[in-house]
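One structure is given below, encoded as C-alpha cells.
2 protein chains.
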Amino acid sequence: MVTLAEVAQHAGVSASTVSYVLSGKRSISAGTRQRVERSIQELGYHPNAGARALASSRSNIIALMVPLRTDMYVPVMMEIAIAVATTARTHGYDVLLLTGEEGPDAVRRVTGSGLADAMILMDVELDDERLPLLRQSDQPSVLIGLPADTTGLTCVDLDFAATGALCAEHLAMLGHRDIAVIGEAPAVYERHTGFAERTLDGLRARSQELGLRVLHRPCEGGYDVMAVTLSRIFDERPSTTGFVVQNESAVAPLLALLRQQGRAVPEDVSVIAVCPDQVATQASVRLTSVAIPAQEMGRHAVEHLVAKLDGRGTDEVVLLAPELTVRASTGPVPSPSAG
Amino acid sequence: MVTLAEVAQHAGVSASTVSYVLSGKRSISAGTRQRVERSIQELGYHPNAGARALASSRSNIIALMVPLRTDMYVPVMMEIAIAVATTARTHGYDVLLLTGEEGPDAVRRVTGSGLADAMILMDVELDDERLPLLRQSDQPSVLIGLPADTTGLTCVDLDFAATGALCAEHLAMLGHRDIAVIGEAPAVYERHTGFAERTLDGLRARSQELGLRVLHRPCEGGYDVMAVTLSRIFDERPSTTGFVVQNESAVAPLLALLRQQGRAVPEDVSVIAVCPDQVATQASVRLTSVAIPAQEMGRHAVEHLVAKLDGRGTDEVVLLAPELTVRASTGPVPSPSAG
DNA sequence: ATAGTTTGTCGAAGCGCTTCGACTCCGTCG
DNA sequence: CGACGGAGTCGAAGCGCTTCGACAAACTAT
Numbered sequence: 001m002v003t004l005a006e007v008a009q010h011a012g013v014s015a016s017t018v019s020y021v022l023s024g025k026r027s028i029s030a031g032t033r034q035r036v037e038r039s040i041q042e043l044g045y046h047p048n049a050g051a052r053a054l055a056s057s058r059s060n061i062i063a064l065m066v067p068l069r070t071d072m073y074v075p076v077m078m079e080i081a082i083a084v085a086t087t088a089r090t091h092g093y094d095v096l097l098l099t100g101e102e103g104p105d106a107v108r109r110v111t112g113s114g115l116a117d118a119m120i121l122m123d124v125e126l127d128d129e130r131l132p133l134l135r136q137s138d139q140p141s142v143l144i145g146l147p148a149d150t151t152g153l154t155c156v157d158l159d160f161a162a163t164g165a166l167c168a169e170h171l172a173m174l175g176h177r178d179i180a181v182i183g184e185a186p187a188v189y190e191r192h193t194g195f196a197e198r199t200l201d202g203l204r205a206r207s208q209e210l211g212l213r214v215l216h217r218p219c220e221g222g223y224d225v226m227a228v229t230l231s232r233i234f235d236e237r238p239s240t241t242g243f244v245v246q247n248e249s250a251v252a253p254l255l256a257l258l259r260q261q262g263r264a265v266p267e268d269v270s271v272i273a274v275c276p277d278q279v280a281t282q283a284s285v286r287l288t289s290v291a292i293p294a295q296e297m298g299r300h301a302v303e304h305l306v307a308k309l310d311g312r313g314t315d316e317v318v319l320l321a322p323e324l325t326v327r328a329s330t331g332p333v334p335s336p337s338a339g
Numbered sequence: 001m002v003t004l005a006e007v008a009q010h011a012g013v014s015a016s017t018v019s020y021v022l023s024g025k026r027s028i029s030a031g032t033r034q035r036v037e038r039s040i041q042e043l044g045y046h047p048n049a050g051a052r053a054l055a056s057s058r059s060n061i062i063a064l065m066v067p068l069r070t071d072m073y074v075p076v077m078m079e080i081a082i083a084v085a086t087t088a089r090t091h092g093y094d095v096l097l098l099t100g101e102e103g104p105d106a107v108r109r110v111t112g113s114g115l116a117d118a119m120i121l122m123d124v125e126l127d128d129e130r131l132p133l134l135r136q137s138d139q140p141s142v143l144i145g146l147p148a149d150t151t152g153l154t155c156v157d158l159d160f161a162a163t164g165a166l167c168a169e170h171l172a173m174l175g176h177r178d179i180a181v182i183g184e185a186p187a188v189y190e191r192h193t194g195f196a197e198r199t200l201d202g203l204r205a206r207s208q209e210l211g212l213r214v215l216h217r218p219c220e221g222g223y224d225v226m227a228v229t230l231s232r233i234f235d236e237r238p239s240t241t242g243f244v245v246q247n248e249s250a251v252a253p254l255l256a257l258l259r260q261q262g263r264a265v266p267e268d269v270s271v272i273a274v275c276p277d278q279v280a281t282q283a284s285v286r287l288t289s290v291a292i293p294a295q296e297m298g299r300h301a302v303e304h305l306v307a308k309l310d311g312r313g314t315d316e317v318v319l320l321a322p323e324l325t326v327r328a329s330t331g332p333v334p335s336p337s338a339g
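For the protein sequence lines, the chains are G and C, in the order given.
Okay, so the first sequence: first residue is 1 according to UniProt numbering, each after it adds one.
Okay, so the second sequence: first residue is 1 according to UniProt numbering, each after it adds one.
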C-alpha cells in the first residue's frame, strides 16, 4: 500500500506539501504540483480513508437510513437511494446504507463514532423517535418526509397536501362530483408516516371548497383485496365517477376490475394515480398521475447536506410542488343519459 | 467527544486495557471489565471509526455495488441490499452503497483507500470489466450473479438454468406441448447479464428432452408492448398453452390481455412466473412461480465475505436451487374438445 | 533601500486507536 | 523451594494523514 510519505519521497517534497496538493488548502507552485501529481499517478496512490478521517475529523461519508419495510413504494425508495449515492459522489462523499432496523441506536452509533459526517433519514414518522437525537446532535441531517414538529430540522418532501388538492381540482374541473380515494394499506396509516394523511387532508379540504364528495378507503395491494374494496365503494356510493389511487400495487388491480365490471376508463370513470411515471405509463390505460419526484428529493437532500457541511446551510422545510400529468385515464364525467 | 483515554482515566485503568475489554483479544479480570464497561456506559463512549480503521487496517465496512439502472427487478435489488445491510450488521459490519456508475474506478478507489474491507457486486455482466481488478486485489469479494469466467471468484446466484428446467418440467408434466417464454427486455440480453440467457438455456435443454416446443420473445414491460408480443405469439403458434414469464412488469399485462382475449387461466393457458412471491400472490390470478431468493442471496454473500475476512472462506460458486410453488395459474392442458 | 506582505515549502505535533513486548503477581510443578 | 507459565495489566510505538506555525524567498509599497 502506497502512503503519502512515499509519494512525497518520490516527488522530492515533504509530506505536508503532498497533502496540500491534494487538498488545495494552500497555494503550491505549478512545478511542484505537477511533480507530485505525476508521482501520485506513477505510484497509484490512494489516500487512506481511515487516516484521513482521523486527522481531519471528516469521514466524507453520508449515512442514509432506509426503511426496513418493503411494503410500499419500493421503487421510489430505491430511486431515492440511488439519487443520493450518485449526487453524493459528485460532491466527494460516499454513502453508508443503514436500515431502519437499528432505529435510534443507529443514529447514536453513527454520530458517536464519526463514521459519517451527516445523515439522511427516509420514512420519517410523525413523531419519530430518532428526531430528538438529531436535534441534540451537532451533525447535519436531512429528513425525507415530514414529521409533526419540524423545529430545528431540515426536511424535503413532496407537498402531499397540494398533491391531494391537485387531484381534487382536476376531477372537479372535469365535472366529477363523487370521488373515491384508494389509499395506502391500513398499516401505513397506523404507522403515521404522514404522507398518506397529508394527501387525504389536502384532497378533502379542496374537495369541500369545490363541492366534491369524498369516500376514502385504505387498501392493501393485490387483486382480491381491491375487488372487495371496489365493490364496497360502488355499493355505498354508486354515483362515484372519479378515483384517486395512492398505492402502486392497487393500480393494476383497480384497472382490471373496472374493465371487468364493464366500466370504461376514462369514459365511465376517471382514475388519477399518485405514483412514479413508470407505473403510470405501463398500466393498461396510460394514467393521469402525480409523479413522486424521487430523484429530485434524493438530490435535494444531499445538496442541502453538503451545503450545511460547508457551513452554508440553513434549517428549512422544502416541499416540492406536485405536478399532475394528464394522460388517458381521466375525462369529463359521463352525461346522465349515458349512465 | 469521549475518547478511549477518558474512559480509561474514568475507570482507573490504562488505555490499552480498555481496548482489550472492547476487543476481547486478551483476558481481562471480571472486576476490571465491569468497571470499564460502566465507565463506557456512563460517559456514553463510542469508538472513533477512523482511528480504529487506521490502527487496525480494518474499516468494518463492506461495499455493496448496486446497478444504476432501474429497468428491472428493482424490488429484488432492494431486497438484496436490505438483506446485505441487515446481515452485515449482525456481524459488526456496515455497508457502503456504491452505484454501478463509477464502474471499475469505484473498485480501485475503495480497494486503494481501505474504505471497505470487502466488496459485494450486483448485476455482474458475463465479461465484466471489474473482474480483473477483483482478481488482482487481495480484498475479498462476492459477486451476486454469474460471469462467464469464475476462476478466482466467489459467486452467489439463483440457479437460473435449473429454474428454466423446472418450469419446463412443470408444464410438460401438465401435458403442455407448446410453450412461450416472455423474456426480459431486449436491453437485458444485449447487456449480457447472463441470468436471462441461462434461464432460457436451461428451459430449452429440458424442453427438448421432454418434447416441448419453445417460442422465446424478449419483451419490455408494459401493457402495449405486451399486447403486440402476445398477439405475435398466438399468430405464430396458436397451439401455445403454456407461458413462462421472466419479467415482473410483464406479468400483470399478460394476465389482463389473456382474460381480455377470453383465454382463462389456468383452464385454457397456464402461466408460470419467475418473480418475487409478492408479485405472484398479488396478481389477479395467484401465480405458480419460481421465487427469486433475494434475501438468501444477500445473506449468503455477506456470510461468505465475513468468513473470508476471518480467514475461513474459500472461493466457490454457489447456485441456489430454485423452488417452484404451484398456485392457481397452472393446470392440465385443455382437452382438444374444449379448444 | 527598508519594512511589510505574499507565496511556497517544511517540520512537527497530534488525531484516537490497536498491539506488541514487558512486567507483576500467583499458582503450580518438579 | 526455586523455576516456570499463565493471567492481567501497562507503556509506548506506531497507523497515515492534516494542519499549524515557522521560515526563506520573492515581491510590493513607501
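No residue lacks a Cβ here, since even glycine has one placed at the ideal position from N, Cα and C.
Model, not experiment: these values are computed from the prediction.
Taking 9 Å as the cut-off, the beta carbon of Val285 of chain G is found closer than this to the beta carbon of Pro266 of chain G.
Remark: three or more beta-carbon pairs, one from each stretch, lie closer than 8 Å, so the stretch 157-174 of chain C and the stretch 311-328 of chain C are flagged as touching. In chain order, Val2 place their CB closer than 7 Å to the CB of Gly44 of chain C, counting only its own chain and leaving out the 5 sequence neighbours on each side. Under the rule that a run must span 3 or more residues, the beta strand (DSSP E) segments found entirely inside the stretch 122-203 of chain C read 141-144, 155-158, 178-182. If you look at Ile40 of chain G, you'll find it isn't in any beta strand (DSSP E); it sits in the alpha helix (DSSP H) that goes 30-43. For the pair Ala85 of chain C and Thr99 of chain G, the CB atoms are nearer than the 9 Å cut-off. In the displayed model, Val317 of chain G falls within a strand according to three-state DSSP.
Here the stretch 112-128 of chain G makes contact with the stretch 144-164 of chain G; the two share three or more CB pairs at distances below 8 Å.
Per DSSP, the beta bridge partners of Arg217 of chain G are G:Ile182. Counting every other CB atom within 10 Å of its CB across the protein chains shown gives Lys308 of chain C a total of 16 or more, marking it as buried. Between Gly298 of chain G and His304 of chain G, the beta carbon gap of about 11 Å keeps them out of contact (Cβ cut-off 8 Å). Residue environment for Glu184 of chain G: buried (at least 16 other C-beta atoms within 10 angstroms of its C-beta).
Secondary structure of Val245 of chain C (DSSP, three-state): strand. Burial state of Arg38 of chain G is exposed, judged by a 10 Å Cβ sphere holding fewer than 16 other Cβ atoms. Spatial neighbours of Asp315 of chain G in its own chain (CB-CB distance under 8 Å, excluding positions within 5 residues in sequence) are listed in chain order as Gly152, Leu153, Thr154.
With distances taken between CA atoms, Ser141 of chain G lies nearest to G:Met65 out of G:Met65, G:Thr90, G:Glu190, G:His91.
Using a Cβ-Cβ cut-off of 8 Å, Thr199 of chain G is close to nothing in chain C; its nearest Cβ partner there is about 22 Å away. Under the rule that a run must span 3 or more residues, the beta strand (DSSP E) segments found entirely inside the stretch 274-320 of chain G read 288-290, 317-320.
Nearest to Pro253 of chain C by alpha-carbon distance, out of C:Thr241, C:Gln246, C:Ile272, C:Asp224, is C:Asp224. Interface with chain C (9 Å Cβ-Cβ cutoff): Arg259 of chain G is included.
Shown here is that no member of the stretch 118-150 of chain C has a Cβ falling below 7 Å from a Cβ of chain G. Beta-bridge partners assigned by DSSP to Leu97 of chain G: G:Leu64, C:Val95. Residue pairing from DSSP places Ser270 of chain C in a beta bridge opposite C:Gly242.
Under the DSSP assignment, Leu4 of chain C falls in the alpha helix (DSSP H) whose first and last residues are 4-11. Taking the CA atoms as reference points, Ser57 of chain C sits about 7 Å from Gly114 of chain C. Within the same chain, and ignoring the five residues on either side of Arg177 of chain G in sequence, the residues whose Cβ sits closer than 8 Å to its Cβ are Gly211, Leu212, Arg213, Ser239, Thr241, Val333.
At a C-beta separation below 7 Å, Arg109 of chain C has these neighbours in chain G: His46. In the DSSP assignment, Pro332 of chain G falls outside any alpha helix (DSSP H), carrying neither H nor E. DSSP places Leu115 of chain G outside both helix and strand once states are collapsed to three, so it counts as coil.
By the CB criterion at 9 Å, Asp123 of chain C and Arg69 of chain C fall inside the cutoff. In the three-state scheme derived from DSSP, where H, G and I count as helix and E and B as strand, Leu324 of chain C is classed as strand.
Here Leu200 of chain G has Gly164, Val181, Gly183, His216 as same chain residues with Cβ atoms under 8 Å from its own Cβ, once five neighbours each way along the sequence are excluded. A straight line joining the alpha-carbon of Ile82 of chain G with that of Cys275 of chain G spans about 18 Å. By the rule that beta-carbons nearer than 9 Å mark a contact, Pro186 of chain G does not touch chain C.
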